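Undergrad: In our numbering, the protein residues as written are 2 to 243. Glycine included, C-beta positions come from ideal geometry on N, C-alpha and C. Note that the structure is predicted; figures quoted are calculated from it, not measured.
1. According to DSSP, simplified to helix, strand and coil, what is residue 180?
2. Using only alpha-carbon positions, find the residue among 197, 140, 115 that is nearest to residue 160.
3. Once the 5 residues before and after residue 122 are set aside, which same chain residues still bring their CB inside 7 Å of it?
4. Count the other CB atoms, across all protein chains shown, that sit within 10 Å of the CB of residue 97; report buried if there are 16 or more and exposed otherwise.
5. Please report how far the alpha carbon of residue 12 lies from the alpha carbon of residue 211, in whole angstroms.
6. Exposed or buried, what is residue 219 when buried is set at 16 or more other beta-carbons lying within 10 Å of its beta-carbon?
7. With 16 as the cutoff for other CB atoms within 10 Å, does residue 175 come out buried or exposed?
8. Run through DSSP, which three-state label would residue 16 get?
9. In the DSSP assignment, what residue or residues form a beta bridge with residue 100?
10. If you drop the 5 nearest sequence neighbours on each side, which residues of the same chain put their C-beta closer than 7 Å to that of residue 234?
11. Report the partner residues of residue 185 according to the DSSP bridge assignment.
12. In this structure, does DSSP put residue 199 in helix, strand or coil?
13. Might you give, ordered along the chain, the residues of its own chain that have their beta carbon closer than 6 Å to the beta carbon of residue 99, omitting 5 neighbours on each side?
14. In whole angstroms, give me the CA-to-CA distance for residue 203 and residue 15.
15. In or out: residue 93 buried (at least 16 other Cβ within 10 Å) or exposed?
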């Protein structure tokens with residue numbers, strides 16, 4: 002009975018927290034999205050908060066130009082991932098202005114990629130349909146990201162999200178980025194399961210294959226691009242600078 006009561010209390014607390022967050026989101030203004038005349042992505046005067054009202058980012062400006070490579074750094078809890086969610090338009094607890102260039106269609110690589118049930122081909126092509134890319138193209142990018150052993154398993158159906166290691170899953174996410182070649186790419190600790198050499202190799206690969214793409218990276222390694230990166234430091238509760 003005691004264990005049952007503890008479980009019920011936890012579920013009730015979780016349910017209340019979800020309801021409180023939904024109620025707060027209804028009254029949150031959200032970031033205003035307007036066109037950017039310069040073609041640069043710009044976040045002006047943001048106030049990004051937690052659902053309980055705590056300030057994560059307050060004021061300042063962040064600008065990212067096409068083809069630029071930016072590293073976002075900061076202590077745990079400084080708001081790095083929340084900043085990405087705000088730019089993606091899925092974080093309602095924020096205000097300010099986001100200027101987006103024409104055709105802004107960003108791609109986000111999270112720390113733990115999503116894997117649909119089905120073939121490896123479908124997993125690598127996601128979120129596009131499996132038939133969107135030819136066999137040779139998919140095999141080539143798998144080899145590029147260090148997954149040569151999977152090149153002949155394209156039509157094999159499996160729980161790939163369970164079968165692959167964390168590092169292999171993240172390499173698949175990089176293969177997706179190479180296939181889709183987005184003009185705006187955001188990596189939210191997308192190399193956390195890889196060592197620094199592998200991280201640098203994959204980031205260099207993105208930069209060489211996607212020279213016109215803006216790449217914004219959150220990394221737990223101090224300098225994943227060998228000093229060739231513009232660095233933006235986040236301090237919780239402080240203004241953006243960059």
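TA: The answer reads as follows:
1. Walking along the chain shown from the start, residue 180 turns up at place 179. In the structure shown, residue 180 sits in a helix (DSSP, three-state: H, G or I).
2. As a position in the chain shown, residue 160 is number 159, starting the count at 1. Looking only at 197, 140, 115, the smallest Cα-Cα distance to residue 160 is reached by 115.
3. For the purposes of this step, residue 122 is taken as the residue at position 121 of the chain shown. Taken in chain order, the residues that qualify are 131, 139, 155, 156.
4. Start at 1 with the first residue of the chain shown, and residue 97 comes out as number 96. With 16 or more other Cβ atoms within 10 Å, it is buried.
5. As a working mapping, residue 12 is identified with position 11 in the chain shown. As a working mapping, residue 211 is identified with position 210 in the chain shown. If you draw a straight line from the Cα of residue 12 to the Cα of residue 211, it comes to about 45 Å.
6. Reading the chain shown from its first residue, position 218 is the one you call residue 219. Buried, since its Cβ has 16 or more Cβ neighbours within 10 Å.
7. Numbered from 1 along the chain shown, position 174 holds the residue referred to as residue 175. It is buried - the Cβ of residue 175 has at least 16 other Cβ atoms within 10 Å.
8. Indexing the chain shown from 1 puts residue 16 at position 15. Residue 16 falls in the helix class under three-state DSSP.
9. Looking up residue 100 in the chain shown gives position 99. Partner(s): 35, 43.
10. Along the chain shown, one-based indexing puts residue 234 at 233. For residue 234, the CB contacts under 7 Å within the same chain, skipping 5 residues up- and downstream, are 74, 75 in chain order.
11. Within the chain shown, numbered from 1, the residue matching residue 185 stands at position 184. Bridge partners of residue 185: 215.
12. Counting from one through the chain shown, the residue named residue 199 turns up at place 198. Helix, per DSSP.
13. By 1-based counting over the chain shown, the position of residue 99 is 98. Take residue 99, set aside five residues on each side of it, and the residues of its chain with a beta-carbon closer than 6 Å to its own are 32, 34, 44, in chain order.
14. Along the chain shown, one-based indexing puts residue 203 at 202. Along the chain shown, one-based indexing puts residue 15 at 14. C-alpha separation (whole angstroms): 38 Å.
15. Position 92 of the chain shown, counted from the start, is the residue given in the question as residue 93. Under this definition residue 93 is a buried residue.
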